[in-house]
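Structure first, then comments.
Numbering (the numbering used here), first residue to last: 17 to 384.
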């Protein structure tokens, strides 16, 4: 088992490098990089066109304005004249774009091995600090959604397997498939319109996970305030997340119920409850429980991306979305590296969970 874990951990390295290379090439090919973003800001028609970038290479500050006859500041349009080549060169050096792409990638990966993600281009803060600051929000959403999904799906799937073909099975299947057909982001908008002050009721808050006065609340009130803010995002994510797990649980139990050992157990006079939870449960739940780590990562990464943006929650998903809009490469690649590494580790944890659920599984003998 130990050698299997070592091999899987070593396999993470080339897999992670491959993920980063593919995404690095795609993002580099996309138009509108950070240099173009900053040049567009400088060439804007605002009253005061000012660009300010801070980093290890120094500081660039550009201001273009003139005084009108009345003494007030009047904007001047610089887009038609363009920018001086030396200023563009300074901006490229500031963002590190004076180096060839392969050198930038190797430098980035060398820093990432030490978990040095650099500073955000446009927020001026270390990416690690931003990730650690936003991580509790995303973990809260992902963890509670995953736990509630399992608490609902497993009992429902078992019930559907036991009563396969009954009215209960048919009606619950209809509800599940209808819920699965509704996109989470669309249902989130509906919840906001109805319950968060959109057009009708204002029962729930729309942003953050705590009220502004949460620090002064007692701990029971603090917990209630936390779940009050979390209610609508969780409902939006749950509406379509338990369909596949419910059907997986049902089909897994049905497959085990039809096995020969179940027929033998019933022939020995064991009760249906004893057969179901004493014999079928462990075998049927193997694939369901082992999928918990990957399910958590899936909800954390894909579901939270839109939900955090819609509900104005300052999590990793919203941070990544804002970084993509302004082409903040350190945040984009830092988020990608973090989630990819976490996903690969969770994949290994999922495989090891098989052994914990069923000790008969031996990865060492399977790999030889």
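For glycine and all other residues, C-beta sits at the position ideal for the given N, C-alpha and C. If you're wondering where the values come from, they're calculated on a predicted model, not measured in any experiment.
For this session: Provide the residue span of the alpha helix (DSSP H) that contains residue 336, from first to last.
Result: Taking the chain shown and counting its residues from 1, the one referred to as residue 336 is at position 320. Looking at the DSSP string, the run of the alpha helix (DSSP H) that includes residue 336 is 332-342.
For this session: Return the CA-CA distance between residue 221 and residue 228, expressed in angstroms with no decimal places.
Result: Sequence index remark: in the chain shown, residue 221 carries index 205 (1-based). Sequence index remark: in the chain shown, residue 228 carries index 212 (1-based). Computed Cα separation, rounded: 11 Å.
Exercise. Candidates 41, 145, 261, 235: which alpha carbon is nearest residue 332's?
Worked result: The count along the chain shown starts at 1 and reaches residue 332 at position 316. If you compare the alpha carbons of 41, 145, 261, 235 with that of residue 332, the shortest gap goes to 145.
Problem set entry | Meets three-Cβ-pair contact criterion under 8 Å: the stretch 133-142 and the stretch 337-347 | yes
Exercise. Just the Cα atoms here: how many angstroms apart are residue 321 and residue 156?
Worked result: Walking along the chain shown from the start, residue 321 turns up at place 305. Walking along the chain shown from the start, residue 156 turns up at place 140. Taking the straight line from one Cα to the other gives about 13 Å.
Exercise. Distance, Cα to Cα, residue 26 vs residue 215?
Worked result: Looking up residue 26 in the chain shown gives position 10. Looking up residue 215 in the chain shown gives position 199. Rounded to whole angstroms, residue 26 to residue 215 spans 54 Å at the Cα level.
Exercise. Taking all protein chains shown into account, do 16 or more other C-beta atoms lie within 10 angstroms of the C-beta of residue 276, making it buried, or fewer, making it exposed?
Worked result: In the chain shown, residue 276 corresponds to position 260, counting from 1. It counts as exposed.
Exercise. So, using beta-carbon positions, are residue 308 and residue 369 closer together than 8 Å?
Worked result: Counting from 1 along the chain shown, the entry for residue 308 is found at position 292. Counting from 1 along the chain shown, the entry for residue 369 is found at position 353. Contact: yes.
Exercise. Are residue 162 and residue 258 close, meaning C-beta to C-beta below 8 Å?
Worked result: Position 146 of the chain shown, counted from the start, is the residue given in the question as residue 162. Position 242 of the chain shown, counted from the start, is the residue given in the question as residue 258. In this structure, residue 258 does not lie closer than 8 Å to residue 162 by Cβ.
For this session: Return the chain-ordered list of same chain residues with a C-beta closer than 7 Å to the C-beta of residue 207, the five sequence neighbours on each side being excluded.
Result: Translated into the one-based positions of the chain shown, residue 207 becomes position 191. Closer than 7 Å at Cβ, skipping near neighbours: 248, 251, 252.
For this session: May I have the straight-line CA-CA distance separating residue 261 from residue 304, to the nearest angstrom?
Result: Mapped onto the chain shown, residue 261 falls at position 245. Mapped onto the chain shown, residue 304 falls at position 288. Approximately 8 Å, taken between the alpha carbons.
For this session: Let me know if residue 123 comes out buried or exposed under the rule of 16 or more other beta-carbons within 10 Å of its beta-carbon.
Result: The residue given as residue 123 occupies position 107 in the chain shown. Under this definition residue 123 is an exposed residue.
For this session: May I have the straight-line CA-CA distance separating residue 291 from residue 282, to the nearest angstrom?
Result: Taking the chain shown and counting its residues from 1, the one referred to as residue 291 is at position 275. Taking the chain shown and counting its residues from 1, the one referred to as residue 282 is at position 266. Their backbone Cα atoms lie some 7 Å apart in a straight line.
Problem set entry | Nearest neighbour of residue 169, chosen from 18, 364, 189 [CA to CA] | Counted from its first residue, the chain shown places residue 169 at position 153. It is 189.
Problem set entry | Alpha-carbon to alpha-carbon, residue 346 and residue 178 | As a working note, residue 178 is residue 162 in the chain shown. As a working note, residue 346 is residue 330 in the chain shown. About 52 Å.
Exercise. What is the rounded straight-line gap between the Cα of residue 118 and the Cα of residue 40?
Worked result: Along the chain shown, read from residue 1 onward, the residue named residue 118 stands at position 102. Along the chain shown, read from residue 1 onward, the residue named residue 40 stands at position 24. Straight-line Cα distance between these residues: approximately 10 Å.
For this session: Let me know the alpha helix (DSSP H) ranges lying completely inside the stretch 131-218, each 4 residues or longer, listed in chain order.
Result: 143-178, 183-197, 200-211
Exercise. Nearest to residue 50 by alpha carbon, out of 299, 323, 343?
Worked result: Taking the first residue of the chain shown as 1, we reach residue 50 at position 34. Taking only the C-alpha atoms, the option nearest residue 50 is 343.
Problem set entry | Where the alpha helix (DSSP H) through residue 285 begins and ends | Start at 1 with the first residue of the chain shown, and residue 285 comes out as number 269. Per DSSP, residue 285 belongs to no alpha helix (DSSP H) and is neither H nor E.
For this session: Decide if residue 115 is buried, meaning its Cβ has at least 16 other Cβ atoms within 10 Å, or exposed.
Result: Position 99 of the chain shown, counted from the start, is the residue given in the question as residue 115. With fewer than 16 Cβ atoms within 10 Å of its Cβ, residue 115 is classed as exposed.
For this session: Indicate whether at least one CB of chain D lies closer than 8 Å to the CB of residue 124.
Result: Among the chains of the structure shown, chain D does not appear; only one protein chain is present.
Exercise. What do you get for residue 232, buried or exposed, if any count of 16 or more other CB atoms within 10 angstroms of its CB means buried?
Worked result: Here residue 232 is taken as the residue at index 216 of the chain shown, counted from 1. Exposed, because fewer than 16 other Cβ atoms sit within 10 Å of the Cβ of residue 232.
Exercise. In this structure, does DSSP put residue 346 in helix, strand or coil?
Worked result: For the purposes of this step, residue 346 is taken as the residue at position 330 of the chain shown. Three-state DSSP puts residue 346 in a helix.
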